[in-house]
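In full-length UniProt numbering, the protein residues as written are 1 to 301.
Written out as structure tokens, the structure reads:
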């Protein structure tokens with residue numbers, strides 16, 4: 001898995017042509033990992049961009065790319081998982097995914113159509129049966145690897161108790177202001193790779209904000225090093241051994257976000273970042289009506 005991926009989530013959703021153009025620019029800049037999901041509405045324009053990149057010679061083979069998509073909660077049912085991944089593959093014009101993730105440890109009614117999602121449409125996830133279907137996706141060659149997103153160590157432990165194929169990845173919010181120290185150590189011990197979403201706070205999404213880029217402590221380090229605040233935050237994630245999904249449709253920022261691999265943070269800088277106040281940025285309550293189930297999930301995350 002490439003250590004830096006481009007995310008394609010935005011709120012309100014970007015139009016298809018904007019997404020397609022941004023992906024093509026990202027491929028030109030050197031991005032090879034693209035992160036999407038059914039619920040983002042970006043699978044189809046991402047697929048169109050990949051097809052065009054192949055057609056005009058930006059890449060020689062689909063195998064040069066690493067494509068991640070996610071099972072939305074409305075399809076988190078044993079009988080719906082394989083149809084869901086096939087629908088994503090059709091949207092993407094691909095024969096296989098590199099990674100397929102369970103998006104959230106929740107199940108929604110199929111009829112859900114508004115935000116916040118009503119509490120009567122939110123149910124506990126039958127993780128054992130859904131994970132079995134995820135394993136079947138890998139057996140069928142529909143995806144090379146399977147994993148989860150927004151799962152706590154408690155829920156990972158549950159999957160590991162019965163999984164024939166353990167999760168390869170847990171994609172979670174991770175950044176200097178939400179460092180995920182306990183989850184990171186758990187995943188390291190269990191051989192599960194951590195991918196950081198919202199490394200810059202995900203401004204421009206339904207759950208995002210600018211608190212990472214506005215953090216004075218990170219700004220001070222960036223100014224002293226001649227880097228952007230975003231580069232400091234992304235480099236910190238990289239030095240934790242995690243891969244990172246960062247989203248920008250701006251050509252210059254795309255390039256800047258890739259320029260984090262040929263330098264390192266000093267021990268003093270790492271210590272300063274480790275002491276930053278911790279607070280989770282994203283929350284299920286941004287798109288779910290309050291309920292005991294949502295409270296339980298928020299407490300875990």
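By construction, the Cβ of each residue, glycine as well, lies at the ideal position given by its N, Cα and C atoms.
Distance between residue 126 and residue 38, taken at the CA atoms: about 20 Å. Taking 9 Å as the cut-off, the beta carbon of residue 288 is found no closer than this to the beta carbon of residue 102.
Membership of residue 50 in any beta strand (DSSP E) is not indicated; the residue belongs instead to the alpha helix (DSSP H) covering 43-56. 173 is the residue among 128, 173 and 108 whose C-alpha sits nearest the C-alpha of residue 279.
Leaving aside the five residues that flank residue 121 on each side, the residues in its chain whose CB is nearer than 6 Å to its CB run, in chain order, 108, 109 and 112. Counting every other CB atom within 10 Å of its CB across the protein chains shown gives residue 257 a total of 16 or more, marking it as buried. Counting along the chain, the unbroken alpha helix (DSSP H) around residue 130 starts and ends at 127-139. For residue 35, the enclosing beta strand (DSSP E) starts and ends at 33-35. In the three-state reduction of the DSSP assignment, residue 102 falls in the strand class. By the Cβ neighbour-count rule, residue 197 is buried, with 16 or more other Cβ atoms within 10 Å of its own. With 16 or more other CB atoms across the displayed protein chains lying within 10 angstroms of its CB, residue 6 is buried. In the three-state DSSP reduction, residue 122 falls in the strand class (E or B). Assignment of residue 72 by DSSP, reduced to helix, strand and coil, places it in the coil class. If you look at residue 267, you'll find it in the alpha helix (DSSP H) that goes 267-274. Residue pairing by DSSP places residue 173 opposite 197 in a beta bridge. Pairwise C-beta distances place the stretch 43-57 in contact with the stretch 86-102, as three or more of them are shorter than 8 Å. In this structure residue 153 is buried. Its beta-carbon is surrounded by 16 or more other beta-carbon atoms within 10 angstroms. In the DSSP assignment, residue 3 falls outside any beta strand (DSSP E) and carries neither an H nor an E.
The stretch 18-37 and the stretch 247-255 touch, with no fewer than 3 CB-CB distances between them shorter than 8 Å. Contact between residue 232 and residue 177 is ruled out by a C-beta separation of about 12 Å, above the 8 Å threshold.
When DSSP states are grouped into helix, strand and coil, residue 202 belongs to the coil group. Looking from the CA of residue 272, the closest CA among 76, 219 and 228 belongs to 219.
Within the stretch 223-301, the runs of alpha helix (DSSP H) that reach at least 4 residues and sit entirely inside it are, in chain order, 229-239, 251-258, 267-274 and 292-300. In this structure, DSSP gives residue 18 a helical state, which the three-state scheme calls helix. Contact check for residue 239 against residue 265 passes: the beta carbons are separated by less than 9 Å.
The straight-line gap separating the alpha-carbon atoms of residue 71 and residue 169 is approximately 14 Å. When C-beta atoms of the stretch 186-194 are compared with those of the stretch 157-168, three or more pairs fall below 8 Å, so the two segments count as touching. Here DSSP, grouped into helix, strand and coil, assigns residue 97 to strand. Pairing residue 291 with residue 119, the inter-Cα distance amounts to about 6 Å.
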